[in-house]
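Peer 1: Chains as they are written, first to last, in the numbering used here: chain S, 1 to 349; chain Y, 350 to 736; chain C, 737 to 1041.
Ideal Cβ positions, reconstructed from N, Cα and C, are used throughout, including at glycine.
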Amino acid sequence: MQDAVVIGVGETRHAPRRDDVTTTELAWEAVSAALDDAGVELDEIDNAVTASQDFWEGRTISSMAVNEIVAGYLRPEAKVAADGAQAVMYAWSRIVGGTYRLGLVVAHCKESAADPHEVDVAAMDPFYLRDLDVDEIVAAGLQAGRLGYPAGLRAAAVAACASRSPWRDALDADAVLASPETATPLRELERAPLADGACALVVADSATAAARGRAGVRIAGCGTATDPYWTDRDLTAVPALTAARDAALGAAGWDRLPGIVELAAPFAHQALMWGGAVGLGDLERVVEHLAGGGSPRGGWLGGAPGVVAGLSAVAGGVRALRERPGRALAHGCTGILGQSHHVVCLEAA
Amino acid sequence: MARRVAIVAAGQTDHVSRRLDVNVAELAREAVDRCLEQAGLAMAEVDAVILGNMEMFEGINMPDQWMASTLGAAGKPLFKLNTGGTVGASTAVAATQMLAAGTFRRILCVGYEKHSEGSVQSAITTVGDPLWERSVMAGAIGNFASMASVYVDESGVTEEHAAKVAVKARRNACRNPHSHLKLPDITVEDVLASDMLAYPVRKLDMCPSSDGACAVLMASEEDATGLAERPAWVHAAVTAHDQQFMGDSLKRLAEMRSLIAASRKAYAQAAIGSPRAELDVAEIYEPATYAELAMYECLGLCEKGGGGRMIDEGVTEMDGALPVNPSGGVLSANPVGATALIRVAEAALQTMGRAGERQVDGVERALATGYGGNAWSEVLILSADRP
Amino acid sequence: MTDEPLRLERQITLRYRFAAGRFATPFFRALRSEGRVLATVDADGNALLPPRPVSGLTNTPTTGWVEVGPTATLSGYTVVHVPFIDPMTGVRRPVPYGFGLVRFDGASTNIYHLIDETDRAKLRVGLPLEPVFKPVEERQGNLADIRFFRVRDGGEPAPARPIPPPDASDPLVYEQKIDLPYVYTAGAAQRAFLRGLAEGRMIASVDGDGRRYVPARGHAPDGRPLPGTEEVGPRGILEAATVAHHLPGAPAFGLIRIDGSETPMLHRLGEGAQRLGPGAAVEAVFAAGQEEPSVNAIAHFRPAP
């Protein structure tokens, strides 16, 4: 079996609106940056795993837009309709099993190009929910109500993530609490802002990385799990996250959480809940973690688009470990209220 | 050393034009249940599920999340792939790669489509690039027929050749209980008398749109021999894509670049020097009769321009040297999200000796292909021998 | 109650803003205002149309721009007899019509377009063509600005002509509305539930141990089949409530556990139910005169006495 090593990272400067580029051009910004970072030519890439959602892209088989920029001509490209962190798991398997040696993982989304309410409603059960015209914000309000976390702590979580983020202006908790009400008890700024952006990794087997003089950051293990649909489960618990975490830690052979844990949660109350579920401690400890060095980029609340947030978390973990070797755990989620969770363990000696 | 991987069971629904009794999730579950029944396994013993389908065709965003419980996948790792018509094969390719890595030991691949719930024309719009490919459209048939004319021009295949493929498919389908179309008495004359949809493609040259699902259980070597008497070992699982736009290839069908590339790589991986001689059966993804003839050539089963002669000489008939599509092929059943997985399933059943009335004798090696997206291809080679 | 098939006809309307970026913007500007056709070239001299940042043939960024055509050559053709309603315009194109793959002279790739010829005998690969444009004032900056291609009478095809990179500033954004009609076929449990609602009744699915699931569904959350159904009372316990200020009318919604159900159902809250706390009793208020089975057979939930 091979080791899979991240030798290149590229990411766009996520922004509320990128009207200057097509999806292809946006993703290419991230891919070309990752290739430059890795010292790899596009033509050397032997496979790609991409992550995008057709309803956000307004296109069936949305990866068609990025096939040429990931060396897809006569080579394999596979698209997961999920957060980019799950694409990492698939790409990791391809390297570990020796199928491929030098690949790209790419996630991209232009949230400004779609109507988020329409995209959300289309994910609602067509028999029982669609006709009520509810979106994910409604679902999140119900969840936040059940959790009952103090508004001040939720606001502090947002402020902490924004403060870490390279893509958002700093925000204080008061501004969050003063923002318009959405689905009670939530406020508008408790939710990650919509964004356009892309992120890419170059992943190699260790022999290839070594031959290129790159130590890289090893993908030590990955895990993914899916809970039942949001109306069929206890919204105050997140077993899929603990299952994904345990699978990833088990694959990595780790017996505890590392110091760097980057979660991608779209709502403040989820950052708090999932922080607790992944093992960061009580709510106050989670907020401290989000504000401190343990969360390099601020996760989804930091301003990456949803489909990209988990891959961005992985990229953040890689960058952090390049500066200071050790271990990091990155996370992404897919589905309404985080129905599925994907965890990636990273290690650099 | 990467683990060896095999297909150990397969299940399908009976494909029809409309399933009015079940919702789309229940349709997929039906195939899952049939597959697990063949394997003698409970869902609790499956490690991961890989689902293939195109979201805008049935109008449910993130359908994998919505149907996780109905599939029996809640609590498990669940992946959703979307690569167009090839997606069914993509799930098998992904499973092969994850099993080889030891990420999981038993993976259930599921493909499904409920065409009766969507509008094919609207769905086809969404496939096109929004800036370049939506303002002037002629639907899937117009696009395909434009490609087919180039192949006809270059190869000299006639409408009779194509009609023979249609007859082969629909007669083969009569021995397949799952098939959507079964036309036991169909003749070449019937095909030539059917309405011309878009030159050169006639109605009986085209595949149907079906409601259906397929599930295939794959396992790594530790489990494979315990789960099937005669597993179908994966000797090659190759994917090749193409450039970005639909018109980029000058000879999209006549020289399908992705299929030529993928098949050559697959033959090399499986140590096949002469595919026509060394393969015992093939299940190929032929969206229309002309495509099958072109694919014979792109797959290297005959020389360029030799597709017509292959069908004239009966090479690919059930009693020929290399039967192609004993199941009746895409021409007889086409639930798009499942179609490529059905090719894999049928090739596996042939290799496992479990293809019932449509079983070809003495299958040791089988070929399965997927086609879709922007003329993308997937090629799998299965064998009764462990690699 | 009948068990005839139940199919819910619904439409999803999706609105998008597609940015044209650095390559499509100058292409469509040139096409629309000047009738000129541009392409990008790669390191091997392939002229790629549509223009793009990276050539898949070389796996390198494209290196520059050329002008091609406007004459063209037929690469593949058909005559279509199947009526096709253009989803972008709703207009049904009269049949038969010519269609095919068209290569602008000087380009290495094709586009699909209409051909002004319906006699198949007159079409062949290699036929010289020329575009017929719409009048300038009717053009919209897409490939339909070319009405169709027709057979060209003579004239040598010009090769690709290098041009300086065109101005890509002030990029275009195209708005698109896609109407997608769907027909959602209900399974047995959904048929029972939705038809039950239409009759003012609440139907649960039941498992072998008597556990109930409302709304009715074919499988439990853990995947076990639920073949049985039973009627339950329309009362339940409110688990959570929210007022959606971000939606028009600020509707209130709640998760309600009907009569001992393992799972909650989502619905609107009215008549003061939105002010209730978790654990309060609520009941369904059925709406009169619904034309077909749907969850709107319940108007909302209100506090239960």
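Check whether the region 49-69 of chain S and the region 19-35 of chain S touch, using three or more Cβ-Cβ pairs below 8 angstroms as the test.
Peer 2: Verdict: yes, contact present.
Peer 1: At a cut of 8 angstroms, does the region 914-928 of chain C reach the region 944-957 of chain C through at least three beta carbon pairs?
Peer 2: Short answer: they touch.
Peer 1: Any beta carbon from chain S within less than 7 angstroms of Met-411(Y)'s own beta carbon?
Peer 2: So, interface residue.
Peer 1: Go to Ser-471(Y), then tell me how far its beta strand (DSSP E) extends in each direction, as first and last residue.
Peer 2: Counting along the chain, Ser-471(Y) falls outside any beta strand (DSSP E), though it belongs to the alpha helix (DSSP H) covering 469-476.
Peer 1: Between Leu-129(S) and Val-40(S), how many whole angstroms is the CB-CB distance? I'm expecting something under 8 angstroms.
Peer 2: Contact flag wrong, Cβ pair sits at about 45 angstroms.
Peer 1: Which residues, in chain order, does the region 618-643 of chain Y contribute to contact with chain S at a C-beta distance below 7 angstroms?
Peer 2: Per Cβ criterion, the list is empty.
Peer 1: Under three-state DSSP, which class holds Trp-481(Y)?
Peer 2: The answer is coil: DSSP assigns Trp-481(Y) none of H, G, I, E or B.
Peer 1: Hey, how far is the Cα of Ser-93(S) from the Cα of Leu-186(S)?
Peer 2: If I take the Cα positions, the gap works out to 39 angstroms.
Peer 1: Going by beta-carbon coordinates alone, are Thr-362(Y) and Ala-562(Y) separated by less than 7 angstroms?
Peer 2: It is a contact, given that the beta carbons lie within the stated cut-off.
Peer 1: Let me check understanding here. Comparing Cα to Cα, which of Ser-607(Y), Leu-430(Y) and His-464(Y) lies closest to Pro-684(Y)?
Peer 2: Here the closest residue by C-alpha is His-464(Y).
Peer 1: Between Leu-427(Y) and chain C, is the shortest Cβ-Cβ distance under 7 angstroms, so that the two count as touching?
Peer 2: No, because no Cβ of chain C sits closer than 7 angstroms to the Cβ of Leu-427(Y).
Peer 1: Just to confirm the assignment, what range does the alpha helix (DSSP H) spanning Val-9(S) have?
Peer 2: Segment 4-11 is the beta strand (DSSP E) holding Val-9(S); no alpha helix (DSSP H) there.
Peer 1: Which complete alpha helix (DSSP H) runs does the region 19-45 of chain S hold, if anything under 4 residues is left out?
Peer 2: If we require 4 residues or more, the alpha helix (DSSP H) runs fully inside the region 19-45 of chain S come out as 23-38.
Peer 1: Ordered along the chain, which non-local residues of its own chain (more than five positions away) have a Cβ less than 8 angstroms from that of Asp-174(S)?
Peer 2: The residues are Ala-155.
Peer 1: Give the DSSP-derived three-state secondary structure of Trp-300(S) in the structure shown.
Peer 2: Trp-300(S) falls in the helix class under three-state DSSP.
Peer 1: Roughly how many whole angstroms lie between the Cα atoms of Thr-665(Y) and Arg-75(S)?
Peer 2: About 29 angstroms.
Peer 1: With respect to the beta strand (DSSP E) encompassing Phe-127(S), which residues constitute its N-terminal and C-terminal limits?
Peer 2: No beta strand (DSSP E) holds Phe-127(S); DSSP gives it neither H nor E.
Peer 1: Apply the 10 Å Cβ neighbour rule to Lys-870(C) and answer buried if 16 or more other Cβ atoms are within range, or exposed otherwise.
Peer 2: Exposed is the call here.
Peer 1: Mind checking if Thr-452(Y) is an interface residue toward chain S, Cβ cutoff 7 angstroms exclusive?
Peer 2: Yes, contact with chain S.
Peer 1: Identify the continuous beta strand (DSSP E) that holds Tyr-920(C) and give its terminal residues.
Peer 2: Where Tyr-920(C) is concerned, the enclosing beta strand (DSSP E) stretches over 909-921.
Peer 1: Put Thr-809(C) into one of helix, strand or coil per three-state DSSP.
Peer 2: Strand.
Peer 1: Interface residues of chain Y around His-1036(C) at Cβ under 7 angstroms?
Peer 2: Here the premise fails: no neighbours, minimum Cβ distance about 24 angstroms.
Peer 1: Report the residues of the region 210-240 of chain S with a CB closer than 7 angstroms to any CB of chain D, ordered along the chain.
Peer 2: The structure shown contains no chain D; its protein chains are S, Y and C.
Peer 1: For Ala-549(Y), tell me which candidate among Leu-784(C), Gly-834(C), Leu-933(C) and Thr-761(C) has the shortest Cα-Cα distance.
Peer 2: It is Pro, not Ala, that sits at residue 549(Y) in the sequence shown. Closest by alpha carbon: Gly-834(C).
Peer 1: Check whether the Cβ atoms of Val-354(Y) and Glu-407(Y) lie closer than 7 angstroms to each other.
Peer 2: Not in contact: Val-354(Y) and Glu-407(Y) (Cβ atoms no closer than 7 angstroms).
Peer 1: Helix or strand or just coil, what does DSSP make of Asn-521(Y)?
Peer 2: Note: Asn-521(Y) maps to helix in three-state DSSP.
Peer 1: Determine whether the Cβ of Arg-856(C) lies closer than 7 angstroms to any Cβ atom of chain Y.
Peer 2: Output row for Arg-856(C): interface = yes.
Peer 1: If you measure from the beta carbon of Tyr-720(Y) to each beta carbon in chain C, is any gap under 7 angstroms?
Peer 2: Chain C, which has no Cβ nearer than 7 angstroms to the Cβ of Tyr-720(Y), makes this no.
Peer 1: If you count every other CB in all the chains shown that lies within 10 Å of the CB of Pro-895(C), and 16 or more means buried, which is it?
Peer 2: Result: exposed.
Peer 1: Pick helix, strand or coil for Gly-84(S), following the three-state DSSP scheme.
Peer 2: Helix.
Peer 1: Please classify Arg-520(Y) as buried or exposed, where buried requires at least 16 neighbouring CB atoms within 10 angstroms.
Peer 2: Per the 10 Å Cβ criterion, buried.
Peer 1: For chain S, find out if any of its Cβ atoms is closer than 7 angstroms to the Cβ of Ile-748(C); answer yes or no.
Peer 2: Chain S, which has a Cβ nearer than 7 angstroms to the Cβ of Ile-748(C), makes this yes.
Peer 1: Compare the C-alpha of Gly-306(S) against each of Ala-162(S), Gly-250(S), Ser-52(S) and Asp-234(S) and name the closest.
Peer 2: Closest by alpha carbon: Ser-52(S).
Peer 1: Along chain Y, which residues have their Cβ under 7 angstroms away from the Cβ of Lys-79(S)?
Peer 2: Those within 7 angstroms of Lys-79(S) in chain Y are Leu-430, Asn-431 and Thr-432.
Peer 1: Does any C-beta atom of chain C lie closer than 7 angstroms to the C-beta of Glu-68(S)?
Peer 2: Yes, Glu-68(S) lies at the interface with chain C (some Cβ there is under 7 angstroms from its Cβ).
Peer 1: Run through chain S and tell me which residues come within less than 7 angstroms of Gln-926(C), C-beta to C-beta.
Peer 2: Near Gln-926(C) (Cβ distances below 7 angstroms), the residues of chain S are Phe-127.
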